[in-house]
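In what follows, a single structure is set out as structure tokens and then discussed.
Protein chains in written order, with the numbering used here: chain A, 1 to 603; chain B, 604 to 933.
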């Protein structure tokens with residue numbers, strides 16, 4: 001209820017009606033408004049009864065928006081009343097036209113009062129002046145104070161305050177990802193009535209806006225008082241983010257910009273392009289083992305700051321990068337760069353790996369879905385039979401080209417006729433196995449860069465067998481019955497390599513006989529002594545039964561290091577002079593035959 | 604090694620007595636691995652040989668030359684020179700040599716491997732030890748500081764009495780010199796002039812010699828090096844893509860091997876007699892052939908064992924190269 005003094009002050013402020021007129025209206029002796037008429041107003045809800053000079057309270061108003069109340073004059077007397085005029089003067093209040101409206105007993109008239117605050121500094125007080133006359137009585141006036149809470153919104157950002165009205169957009173500015181930016185919202189009640197606030201909230205569409213310390217509600221904000229709270233923006237993503245700030249029925253579109261680079265990944269594989277989120281999986285189509293699928297990976301900077309890429313790598317053993325840009329790389333906003341990720345399955349089944357791009361990980365996944373069978377294998381160069389102590393070569397080729405790179409191992413094994421292995425049987429690359437490759441779409445086996453590889457045949461009769469195995473990547477594609485090549489080293493008579501003169505004395509000399517016997521058996525040594533011409537010495541033959549000595553030798557573990565090779569020391573004791581002997585011819589015999597003869601000159 | 608013993612007279616075989624095994628595995632020679640500092644045997648004959656386990660010594664060597672007589676002259680990592688004998692035993696014998704200084708610049712054996720010449724460029728002296736592998740009772744020192752030019756190669760004679768030195772200066776004035784100890788002084792006799800002699804070797808039991816002139820790409824025959832001397836060009840390698848600088852010869856064969864450290868071509872010079880030669884070109888499986896003589900008289904080391912595999916050349920018949928793989932358990 002407004003006091004009389006307050007009302008007077010209002011009248012003065014409005015310079016609208018003389019104060020004496022107020023007194024007349026209120027103190028008429030003929031008409032009793034308070035008993036004849038009932039005054040009520042409603043803002044859409046229940047009606048409130050108000051007596052003259054009382055206050056009509058409008059709902060919460062805002063600059064630029066209208067609020068209204070329905071003001072009802074009900075005639076509860078038995079006399080006719082005439083509403084001669086209803087005015088609100090000059091200001092933000094408006095009353096609809098109701099001049100000379102008869103109000104019969106029991107009847108009523110409704111006046112629509114509208115409040116439209118147009119500006120922050122405009123007045124918010126008003127007077128409803130009703131001119132009424134009962135029958136022929138003189139007119140009387142009934143005055144009512146019009147009052148409304150009006151909120152204005154002052155948002156302070158970086159020490160700059162801007163006043164907003166409902167529905168306006170509030171820009172909170174930009175800040176790097178993860179860093180908070182705050183503004184202070186100050187709600188000022190410039191109206192003449194207390195504003196009851198029951199709802200203040202922020203609805204963040206893009207996440208990132210919040211009210212870190214929302215004011216307790218409901219809360220009344222008295223006329224000319226303020227209520228302040230902070231609006232905080234912590235961008236979760238680069239670019240513009242928006243939210244709705246609500247104060248009662250007022251909505252403000254709040255926006256901010258997150259600053260930062262943003263790596264966006266697009267992958268094109270098999271003609272299909274897909275955008276890949278961080279941590280998502282890049283799928284490759286099923287791929288034959290040995291074949292390759294290539295994906296084009298495009299990195300785009302969809303952010304608003306420079307994107308630094310320090311490293312790009314694929315892991316997992318079956319995935320490889322290709323055509324990488326020079327690193328480190330600075331990708332400006334809107335720029336992109338592409339490279340390849342190759343999928344080369346090395347085995348069957350699902351295979352996974354990771355694509356790492358400057359700390360971001362993407363899963364790579366594909367399947368090795370099968371292998372191409374191996375064509376027939378052909379052996380070349382090596383004969384079916386070889387001699388001892390030889391170093392022939394062997395080569396291999398495929399009957400048809402294989403579409404993918406092949407790797408393999410050629411293994412040499414030896415089956416000895418005498419049940420004793422010969423360690424000298426080896427490839428030139430050392431050992432009894434050698435790796436090889438067959439480039440895709442070719443047929444020739446490559447041992448390193450060579451198309452053939454040498455091996456030693458050794459000195460022991462037996463069969464040398466070559467067995468290759470083939471694999472495409474890690475998948476063994478060697479047929480169940482692998483191709484083999486057997487080479488026979490036939491048993492033969494002893495072979496003399498070298499017969500040297502060893503230690504000599506006046507009446508003796510040593511023959512060092514070096515050779516081999518592929519059967520690991522020698523029965524006798526035959527020496528033919530040729531005398532020096534001009535001496536009386538006769539030619540002589542000496543047959544040494546050597547079966548036991550060689551039998552013992554070939555039983556030793558030392559002899560096995562040499563296959564069937566030996567150096568035999570034969571010392572000849574002379575009754576005469578050494579100078580009487582011109583030469584010695586040596587032959588060896590075993591169960592297969594007799595060796596060729598080696599002549600050693602002593603002169 | 605015990606031997607198979609045959610006893611015979613001049614007219615008739617008196618008896619035959621075979622004792623013990625008298626048998627061992629053939630050995631083609633030893634090679635020095637300058638990467639590991641180890642000496643390794645080549646077990647077996649060419650075409651069926653493997654590289655055996657290293658000779659059992661406690662520390663590796665800086666350098667070593669292997670004598671055809673089955674011992675090595677070694678230089679330790681600290682520069683001491685020693686004879687390493689009994690290479691095939693578990694406990695090889697080390698006999699230090701009393702040398703003028705450690706770390707000789709040139710270490711070279713005589714044709715039969717019983718003498719060794721050591722040369723120190725800084726001292727201008729050659730030291731000769733003979734009668735190896737027996738511990739030498741002394742040595743001869745030859746003063747070569749007044750020899751014109753720089754010594755490129757030495758060849759001691761088998762008795763260790765003198766050396767042939769190939770020497771040349773930077774202006775292409777050089778020659779092959781016979782350098783001999785005369786008790787109180789050293790005699791230096793030019794055997795033949797040459798532009799840039801880089802190798803010299805004895806042939807024919809030490810009677811004659813051969814020198815290789817890198818400057819003229821010629822092989823020079825030096826008959827009777829102790830006698831009247833003289834020289835004669837017996838082969839010219841004018842077609843060689845690179846100057847020849849490797850030379851070796853063996854009394855066991857008539858072959859003289861001439862090669863280049865720059866390529867894989869080997870010239871096999873058949874030395875039928877001192878007037879008749881023929882030259883055959885052999886393409887080797889390696890470049891820069893070592894041409895180091897092995898124990899067997901007809902075998903030469905071409906390469907290895909480091910960094911590549913061992914390759915040997917057998918000239919007992921038509922010259923042929925063989926690889927020698929390391930021993931691998933079957």
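Glycine residues also receive a C-beta, built at the ideal position from the N, C-alpha and C atoms.
Residue i classed as buried or exposed, judged by whether at least 16 other C-beta atoms fall within 10 angstroms
| i | result |
| --- | --- |
| residue 917 of chain B | buried |
| residue 457 of chain A | buried |
| residue 848 of chain B | buried |
| residue 591 of chain A | exposed |
| residue 823 of chain B | buried |
| residue 422 of chain A | buried |
| residue 724 of chain B | exposed |
| residue 158 of chain A | exposed |
| residue 808 of chain B | exposed |
| residue 207 of chain A | exposed |
| residue 660 of chain B | buried |
| residue 322 of chain A | exposed |
| residue 831 of chain B | exposed |
| residue 250 of chain A | buried |
| residue 184 of chain A | exposed |
| residue 254 of chain A | buried |
| residue 811 of chain B | buried |
| residue 593 of chain A | exposed |
| residue 510 of chain A | buried |
Per DSSP, the bridge partner or partners of residue i
| i | result |
| --- | --- |
| residue 827 of chain B | DSSP, once it has assigned bridges, lists no residue as partnering residue 827 of chain B. |
| residue 301 of chain A | A:263 |
| residue 275 of chain A | A:266 |
| residue 102 of chain A | A:82 |
| residue 610 of chain A | Residue coverage of chain A in this structure runs from 1 to 603, which leaves residue 610 of chain A outside it and unanswerable. |
| residue 633 of chain B | B:644 |
| residue 75 of chain A | A:37 |
| residue 489 of chain A | A:386 and A:462 |
| residue 627 of chain B | A:567 |
| residue 746 of chain B | B:728 |
| residue 686 of chain B | B:676 and B:698 |
| residue 495 of chain A | A:516 |
Nearest residue (CA-CA) to residue i, options the options
| i | options | result |
| --- | --- | --- |
| residue 888 of chain B | B:912, B:819 and B:897 | B:912 |
| residue 312 of chain A | A:328, A:400, A:293 and A:484 | A:328 |
| residue 340 of chain A | A:414, A:351, A:330 and A:325 | A:325 |
| residue 563 of chain A | A:543, A:460, A:584 and A:601 | A:460 |
| residue 193 of chain A | A:125, A:467, A:361 and A:583 | A:125 |
| residue 480 of chain A | A:376, A:521, A:523 and A:398 | A:376 |
| residue 280 of chain A | A:364, A:516 and A:487 | A:364 |
| residue 100 of chain A | A:114, A:133 and A:116 | A:133 |
| residue 226 of chain A | A:196, A:272, A:244 and A:380 | A:196 |
| residue 179 of chain A | A:429, A:233, A:359 and A:66 | A:233 |
| residue 44 of chain A | A:68, A:62, A:247 and A:50 | A:68 |
| residue 140 of chain A | A:83, A:98, A:151 and A:391 | A:83 |
| residue 216 of chain A | A:201, A:334 and A:416 | A:201 |
| residue 74 of chain A | A:103, A:309, A:61 and A:336 | A:103 |
| residue 39 of chain A | A:399, A:77 and A:529 | A:77 |
Whole-angstrom C-beta distance between residue j and residue i, which should lie under 8 Å
| i | j | result |
| --- | --- | --- |
| residue 814 of chain B | residue 769 of chain B | 6 Å |
| residue 603 of chain A | residue 532 of chain A | 7 Å |
| residue 446 of chain A | residue 437 of chain A | 5 Å |
| residue 735 of chain B | residue 670 of chain B | 7 Å |
| residue 798 of chain B | residue 763 of chain B | 29 Å between Cβ atoms; not a contact. |
| residue 331 of chain A | residue 307 of chain A | 4 Å |
| residue 373 of chain A | residue 477 of chain A | 7 Å |
| residue 928 of chain B | residue 654 of chain B | 7 Å |
Practice problem: Any chance you could list the beta strand (DSSP E) runs of at least 3 consecutive residues sitting entirely within the segment 341-429 of chain A, in chain order? | Solution: 349-357, 360-370, 377-380, 393-402 and 406-416
Practice problem: Please go through the segment 820-871 of chain B and give each complete beta strand (DSSP E) segment of 3 or more residues, from N-terminal end onward. | Solution: 821-825, 835-839, 849-852 and 858-862
Self-check item: Completely contained beta strand (DSSP E) runs for the segment 152-199 of chain A, where each covers 3 or more residues
Solution: 160-164, 169-176, 181-189 and 195-197
Practice problem: Jot down the residue ranges of each uninterrupted beta strand (DSSP E) in the segment 882-928 of chain B, minimum 3 residues, whole runs only, in chain order. | Solution: Complete beta strand (DSSP E) runs here, min 3: 902-906, 913-917 and 923-927.
Practice problem: Pull out every residue of the segment 381-394 of chain A whose Cβ sits closer than 8 Å to any Cβ of chain D, in chain order. | Solution: Among the chains of the structure shown, chain D does not appear; the protein chains present are A and B.
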